[in-house]
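This report concerns only the one structure given below.
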Ligand code: F6P
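Residue numbers (the working numbering): 33 to 537.
Pasting the structure below:
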């Protein structure tokens with residue numbers, strides 16, 4: 033089969049440039065690349081279609097074609113959309129309609145070889161799937177990754193701040209695009225059923241677009257991890273170098289007699305929603321934890337953020353200043369270290385380094401749509417203490433068994449208790465260390481994800497409209513002709529977001 037991936041935001045190249053360093057280069061790109069590569073290993077021809085960027089600051093993305101080493105049947109195809117320079121994802125909408133989609137259609141027309149099916153990612157890929165399907169009839173799947181209405185909830189959008197929020201995030205366009213994507217897709221792919229399908233898609237802002245209870249167009253396909261990178265038995269090209277780097281940073285930050293202790297590992301972007309503060313508070317409140325372990329935070333791009341100001345204003349103001357305060361007020365200096373690791377292989381190596389010291393992985397985000405980071409850490413052998421407000425609630429469960437400890441991220445005492453349970457009980461550590469890894473091998477590798485996609489895609493290609501409703505939502509004028517007068521108005525957004533919320537309560 034010939035399969036296209038529609039992913040305009042961020043970008044792709046053979047070096048995985050900027051992964052996890054920029055909000056548009058996070059889990060979604062890792063997902064798309066890995067599923068594409070695994071599908072290709074099954075003999076399919078795969079195109080990752082993204083945006084061409086001709087910008088000296090982002091020089092990796094200027095060529096029209098690129099590919100990954102050893103995977104010739106995955107093409108990265110970059111096509112222009114609006115100005116040449118890099119644009120954050122919130123600013124892409126009109127350029128997708130005006131340029132990107134016509135460029136995709138023209139590209140395949142010239143090649144004379146359209147994909148059999150598109151997989152679309154995020155609302156921007158989704159609306160592209162909608163418009164391409166409307167134009168040339170290629171069916172598409174929609175994988176939301178993150179839904180706009182949930183982000184509005186998290187940002188506490190109110191009738192007062194909505195104009196300002198919409199101006200920055202363009203939630204109106206995003207929600208209309210998501211509604212169309214879920215309404216017109218052949219199948220909506222979610223990572224989890226209880227969390228994503230029944231809670232997130234059930235957000236009132238999507239009412240009338242999709243029926244979460246009765247619609248057959250939902251498939252649960254969990255994301256996976258790459259065992260060749262993260263498994264405890266694997267080795268990264270920079271394994272030894274990373275061990276050396278860790279030793280140096282521990283020597284820089286941790287009191288000498290504590291340097292061989294286990295660590296509580298956190299590894300996510302310095303963003304408020306990741307709630308590093310809750311973890312630091314838990315550590316500060318628990319003498320047991322301080323006695324048993326150090327707290328080690330991998331910070332991606334910032335090498336000494338507990339002591340030196342960082343350039344990212346939000347990270348500095350909303351994450352680091354409060355953390356530094358807790359560290360100082362509780363004399364945690366010498367027990368906590370934060371530093372940057374250069375890339376994913378180094379992250380995997382770091383997990384293996386700390387597993388030898390019987391460490392634990394913690395994720396205390398206020399909310400996580402799925403929570404892939406912990407799954408990677410578990411494959412490397414780290415027991416997990418993770419937020420219950422996430423897909424992990426489902427993914428770590430099998431029958432009555434839970435492969436990790438789920439905690440309430442809003443309660444530092446609960447976080448501390450979860451960590452203490454593993455760090456104070458060597459048998460529990462050993463059990464979780466083995467069982468979590470096996471659970472990940474059984475259910476969460478990219479190979480499994482790709483096979484599930486392929487099975488689904490075969491059904492879609494055989495019968496593209498099998499489950500689509502007879503009456504589809506009309507395409508909003510903005511996505512037919514993105515002139516300012518056609519834009520999704522604030523009143524429309526308010527109607528979708530607030531009125532629907534009111535009517536649901
Ligand atoms: O790749 C980055 C990512 O993981 C994507 O899924 C998505 O672009 C983003 O994080 C979350 O999106 P948002 O904050 O706009 O909901």
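Quick reminder that beta carbons are idealized off the backbone N, C-alpha and C, glycines included.
Checking the sheet assignment: what are the DSSP bridge partners for residue 149? In DSSP, residue 149 forms a bridge with 35.
Those runs of the alpha helix (DSSP H) which lie wholly inside the region 349-396 and span at least 4 residues: You should have 353-361 and 376-387.
Near the ligand F6P, which residues have their beta-carbon closer than 5 Å to a heavy atom? 58, 59, 60, 177, 178 and 183
Taking residue 434 as the reference, which of 320, 277, 446 and 469 has the closest Cα? The shortest Cα separation from residue 434 among 320, 277, 446 and 469 belongs to 469.
With a cut-off of 8 Å on the beta carbons, I'd call residue 79 and residue 37 a contact; round off their distance for me. 7 Å
When burial is assigned at 16 or more other CB atoms within 10 Å of the CB, is residue 498 buried or exposed? exposed
Just to confirm, are residue 311 and residue 396 a CB contact at a threshold of 8 Å? Annotated as proximal: residue 311 and residue 396, with beta-carbon spacing under 8 Å.
Assuming contact is defined by CB atoms lying nearer than 8 Å, are residue 448 and residue 389 in contact in what I supplied? Cβ atoms of residue 448 and residue 389: not closer than 8 Å.
Ordered along the chain, which non-local residues of its own chain (more than five positions away) have a Cβ less than 8 Å from that of residue 259? 266, 411, 473 and 477
In three-state terms, what does DSSP make of residue 328? strand
Just verifying my parser: in three-state terms, what is the DSSP assignment at residue 454? When secondary structure is reduced to three states using DSSP, residue 454 falls in the helix class.
Tell whether a beta-carbon distance below 8 Å holds between residue 424 and residue 436. yes
Separation of residue 158 from residue 213, as counted between CA atoms: 5 Å
DSSP three-state call for residue 260: helix, strand or coil? Helix, per DSSP.
Is it true that the CB of residue 332 sits closer than 8 Å to the CB of residue 372? yes
Between residue 339 and residue 367, what straight-line distance do the alpha-carbon atoms span, to the nearest angstrom? 14 Å
DSSP-derived helix/strand/coil call for residue 530: helix
Nearest-angstrom Cβ-Cβ length linking residue 206 and residue 240, presumed shorter than 8 Å: The pair is not a contact, with the Cβ atoms about 17 Å apart (cut-off 8 Å).
Enumerate in chain order the residues of its own chain whose CB-to-CB distance from residue 127 is below 7 Å, with the five nearest sequence positions on each side excluded. 113 and 114, listed in sequence order.
CA-CA distance, residue 172 and residue 150? One C-alpha to the other measures close to 5 Å.
Of all the options 364, 297 and 350, which has the alpha carbon lying nearest to the alpha carbon of residue 391? 297
Just checking my contact of residue 485 with residue 67 at CB under 8 Å: how many whole Å lie between their CB atoms? 6 Å
Taking residue 515 as the reference, which of 58, 129 and 33 has the closest Cα? Measuring from the Cα of residue 515, the nearest candidate turns out to be 129.
Starting from the N-terminal side, write out each stretch of the alpha helix (DSSP H) that is 4 residues or longer and does not extend beyond the region 133-180. 133-143 and 154-168
Beta-carbon proximity of residue 461 to residue 406, cut-off 8 Å: No. Outside cutoff.
Among 34, 122, 44 and 59, which residue has its Cα nearest to the Cα of residue 74? Of the listed residues, the one whose Cα sits closest to residue 74 is 34.
Do you know offhand how far residue 253's Cα is from residue 59's? Rounded to the nearest whole angstrom, the C-alpha separation of residue 253 and residue 59 is 15 Å.
Close-in-space but distant-in-sequence residues of the same chain around residue 324 (CB under 6 Å, 5 per side omitted): Around residue 324: 455.
If you compare alpha carbons, which of 264, 382, 96 and 121 is closest to residue 466? 264
For residue 200, count neighbouring C-beta atoms within 10 Å of its own C-beta (all shown protein chains included) and say buried if the count is 16 or more, exposed if not. exposed
Grab me the residues of residue 444's own chain with a C-beta within less than 7 Å of its C-beta, minus the 5 sequence neighbours each way, in chain order. 310, 313, 314 and 317
If you reduce the DSSP assignment to three classes, tell me which class residue 282 lands in. helix
May I ask which residues mark the beginning and end of the beta strand (DSSP E) holding residue 81? 77-83 is the span of the beta strand (DSSP E), which, as asked, contains residue 81.
Going by Cα to Cα distance, which pick from 283, 281, 289 and 354 is closest to residue 302? 354
Let me check one thing: in DSSP terms, what residues is residue 252 bridge-paired to? 222
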